[in-house]
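Input: a single structure, listed below in structure tokens.
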Amino acid sequence: MRMVLSLHKIQDGKIQKFIMKKLFLLFIYLGCYIGYSQKTIELYPTGQILFAKTDTEIPQLTVFEPKEKKSDVVVIVCSGGSYGGRANDVEGLPACKMLNDNGITAFLLDYRVPNSSKMENKKFVPLTDVQKAIQYVRAHAEDYDVNPDKLGIMGFSAGGHLVTTAGTHFDTTKLPGAQKTN
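For the sequence shown, the working numbering gives the first residue as 107, with consecutive numbering after it.
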């Protein structure tokens, strides 16, 4: 009986060490996340999200400003995800970090993924979100110390498709009072 109790104590000690290590790593991660947290902007701040039938994702831009600004260029980044989601962790965030490392301000776009149960006209939704993002960045260029005429947009996979659609359909917009969307 005594041997069983001592084994139990050893296992409890290992479990406590394991939990403490995991908690330590969690706090390190949270500290880094909070330290590098970025400003997030809702693309439709009035709450009237175009083409939304029901509660839907809220399209957002996350701003990544470089520590050392070397350029007045600004880039909107669109992650891929096969129009089934967005691969921000493996595409968008590394791209924004790389742009920041080169002194360039980046905006990561969380566009809405087409979904006919939540949207009136799903084929226009991602394009409308990217046009709204372009419009926002141009309108607020002075706030971020960037040149609205030096706006670029890049994407991966479905995000790349979205970028080319925005580039080739610059005269097609469903935004009310649309201007400066290309």
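Ideal placement from N, C-alpha and C gives every residue a C-beta, glycine not left out.
Here the structure is a predicted model, which is why all the values come from computation and not from measurement.
As a quick exercise: from Lys-145, Lys-123, Leu-281 and Val-179, pick the residue whose alpha carbon is nearest that of Gly-209.
Taking the sequence shown and counting its residues from 1, the one referred to as residue 209 is at position 103. Comparing Cα-Cα distances from Gly-209 to each of Lys-145, Lys-123, Leu-281 and Val-179, the minimum goes to Val-179.
What residue range does the beta strand (DSSP E) around Met-225 cover?
Mapped onto the sequence shown, residue 225 falls at position 119. Per DSSP, Met-225 belongs to no beta strand (DSSP E) and is neither H nor E.
Beta-carbon contacts of Thr-152 that lie in its chain and below 7 Å, excluding the five residues immediately before and after:
Mapped onto the sequence shown, residue 152 falls at position 46. Once the five neighbours on either side are set aside, Thr-152 has no close Cβ partner at all.
If you compare alpha carbons, which of Asn-206, His-275 and Pro-220 is closest to Leu-214?
Along the sequence shown, one-based indexing puts residue 214 at 108. It is Asn-206.
Just checking, does the stretch 249–263 make contact with the stretch 219–233 on the three C-beta pairs under 8 Å criterion?
no
How should Asp-330 be labelled, buried or exposed, when 16 other C-beta atoms within 10 angstroms of its C-beta is the threshold for buried?
Since the displayed the chain opens at 107 and closes at 288, residue 330 lies outside it and no answer follows.
What does a CB cutoff of less than 6 Å around Arg-218 pick up in its chain, not counting 5 residues either side in sequence?
Walking along the sequence shown from the start, residue 218 turns up at place 112. For Arg-218, where only same-chain residues beyond five positions count, the Cβ hits under 6 Å are Glu-163, Pro-165, Val-231 and Asp-235.
Helix, strand or coil for Lys-176 per DSSP?
Within the sequence shown, numbered from 1, the residue matching residue 176 stands at position 70. If DSSP states are grouped into helix, strand and coil, Lys-176 belongs with coil.
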